[in-house]
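Here the structure comes first, spelled out in structure tokens, and everything after it is commentary.
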Amino acid sequence: MSGVGGVGAVGGGAMGIDRVMQLRSQILERNAALTRANQVPAGVPAAESKPASFAATLEDALKSVNQSQQQAGDLSAAYERGETVDIAKVMLARQQASVGFEATLQVRNKLLSAYKDIMSMPV
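Right under this line is the structure:
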């Protein structure tokens with residue numbers, strides 16, 4: 017009975033949950049490392065602290081996603097040509113580009129949903 021619709025049917029029970037929790041902790045560790053790497057050193061003066069516009073922030077995010085997709089494509093092409101490129105590096109770049117694209121797609125969907133909700137509000 018535990019195999020049909022129970023916890024054991026999804027992800028292998030406790031082993032699946034342990035694996036998910038392990039992956040979550042790895043993601044959090046990498047996120048913390050990236051945050052530390054992106055922080056401005058203490059001796060470097062910060063840029064002007066004016067608030068960025070929504071359009072500028074969205075444009076920067078789209079440029080970043082586009083750049084990661086181009087980099088993944090370049091690495092894939094180099095690997096296919098037989099150049100000495102580490103396959104792990106190629107796969108990591110492709111996965112980062114894929115995650116960036118999926119996140120962008122989700123943001124677009126949320127923006128469209130919010131726009132539709134606003135337009136359907138009575139005046």
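Residues 17 to 139 (our numbering) are what the sequence shown spells out, left to right. Every residue gets a Cβ at the ideal spot worked out from N, C-alpha and C, and that includes glycine. Source: prediction; values computed, not measured.
Other residues of its chain near residue i: CB distance less than 8 Å, five sequence neighbours each side excluded
i	result
Ser41	none
Arg46	none
Ser80	Gly116
Where residue i falls: helix, strand or coil (DSSP)
i	result
Glu99	coil
Ser69	coil
Ser92	helix
Met37	helix
Ser129	helix
Val115	helix
Ser136	coil
Proximal residues to residue i (C-beta, below 7 Å), its chain only, five neighbours per side dropped
i	result
Val101	Leu91, Ala94 and Tyr95
Arg110	Ala88 and Ser92
Whole-angstrom distance between residue j and residue i, CA atom to CA atom
i	j	result
Val106	Asp133	41 Å
Gly32	Gln38	10 Å
Ala49	Pro138	47 Å
Leu74	Asp34	36 Å
Arg97	Leu108	18 Å
Gln55	Ser136	42 Å
> Touch check for the segment 76 to 85 and the segment 114 to 121: three-plus C-beta pairs under 8 Å?
Replying inline: yes
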